[in-house]
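For reference, the structure discussed in these notes is given below.
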Amino acid sequence: MSDSTDVCPKCGAPLGNVTETQSGKKLQKCSKGFWNKEERRNEGCDYVKWLQVEPQELDEKCPKCGNNLILQVTRFGKKLKKCSTGGWDKEAKKATGCDFVEWITGKTEPLGVDCPTCGEKLVLFTTANGKKMEKCSTSGWDSKEKRPTGCTYIRWLKPGETPIPSKSGG
Ligand SMILES: [Zn+2]
Ligand SMILES: [Zn+2]
Ligand SMILES: [Zn+2]
Numbered sequence: 000m001s002d003s004t005d006v007c008p009k010c011g012a013p014l015g016n017v018t019e020t021q022s023g024k025k026l027q028k029c030s031k032g033f034w035n036k037e038e039r040r041n042e043g044c045d046y047v048k049w050l051q052v053e054p055q056e057l058d059e060k061c062p063k064c065g066n067n068l069i070l071q072v073t074r075f076g077k078k079l080k081k082c083s084t085g086g087w088d089k090e091a092k093k094a095t096g097c098d099f100v101e102w103i104t105g106k107t108e109p110l111g112v113d114c115p116t117c118g119e120k121l122v123l124f125t126t127a128n129g130k131k132m133e134k135c136s137t138s139g140w141d142s143k144e145k146r147p148t149g150c151t152y153i154r155w156l157k158p159g160e161t162p163i164p165s166k167s168g169g
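Numbering that gives the first Met the number 0 numbers the first residue of the sequence shown as 0 and each following residue consecutively.
Here's what the structure looks like:
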């Protein structure tokens with residue numbers, strides 16, 4: 000049990016429960032504030048306390064030095080794996096320890112389903128935030144031209160929804 004010394008610095012009311020955003024960030028709102036859905040604005044006290052998300056130790060070894068990796072979430076909800084020995088020397092303004100970093104951008108799995116737009120196979124893409132979408136396997140990104148290439152079919156899945164079932168009978 001936490002000794003709830005957490006009171007709102009604005010109005011002195013106790014803070015509400017810790018909630019988690021879709022991107023994995025944690026926050027506590029003032030219990031005097033609430034979201035007015037009809038007027039789409041905050042009413043009452045608007046104080047929000049963002050909580051530091053503890054880096055999570057992973058069961059994976061650093062390919063550079065063999066120490067454990069940790070999972071970190073940035074302020075923008077992006078996830079990255081980094082070496083647990085890596086750090087930042089504030090005085091010297093330089094990185095210390097191992098500099099291994101791997102951004103988590105999501106994963107792609109093949110689906111045995113044809114694209115409704117072009118007939119090629121679809122793939123299931125899971126973002127780093129756990130959102131899922133079906134997209135066409137021919138779609139890509141031209142980093143020189145900075146534009147998407149191939150087929151542009153995309154369908155986001157609702158939470159809990161499964162992709163189009165495969166028609167092939169086994
Ligand atoms: Zn308050
Ligand atoms: Zn390392
Ligand atoms: Zn397609």
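Glycine included, C-beta positions come from ideal geometry on N, C-alpha and C. Quick caveat, the model's predicted, so the values are computed rather than measured.
CB contact flag (residue i, residue j, <8 angstroms)
i, j, result
"C7", "Y46", "yes"
"S136", "K120", "yes"
"K77", "W49", "no"
"E56", "S83", "yes"
"S138", "G149", "yes"
"A94", "G85", "yes"
Selection from the options that minimises the alpha carbon distance to residue i
i, options, result
"N66", "K81, V112, E101", "K81"
"T151", "K63, T116, S142, E19", "T116"
"G60", "G105, K31, F99", "As written in the sequence, residue 60 is Lys, which differs from the Gly given in the question. Checking every option, the nearest Cα to that of K60 belongs to F99."
"K134", "N128, V17, C114, T20", "C114"
Opening and closing residue of the beta strand (DSSP E) in which residue i lies
i, result
"Q27", "25-29"
"N128", "It is not in any beta strand (DSSP E) - N128 carries neither H nor E in the DSSP assignment."
"L110", "106-113"
"T18", "14-19"
"V47", "47-50"
Q: Counting only runs of 3+ residues fully inside the segment 67-93, write out the beta strand (DSSP E) ranges in chain order.
A: Correct list: 67-72, 78-82, 86-88.
**Q.** Contact shell at 6 angstroms, judged by CB to any heavy atom of ligand 3, ordered along the chain
**A.** Those satisfying the condition are, in chain order, C114, T116, C117, E119, C135, T137, C150, Y152.
Q) Residues near ligand 2, CB to any non-hydrogen atom under 6 angstroms, in chain order? A) Having a Cβ closer than 6 angstroms to some heavy atom of ligand 2 are C61, K63, C64, N66, C82, T84, C97, F99.
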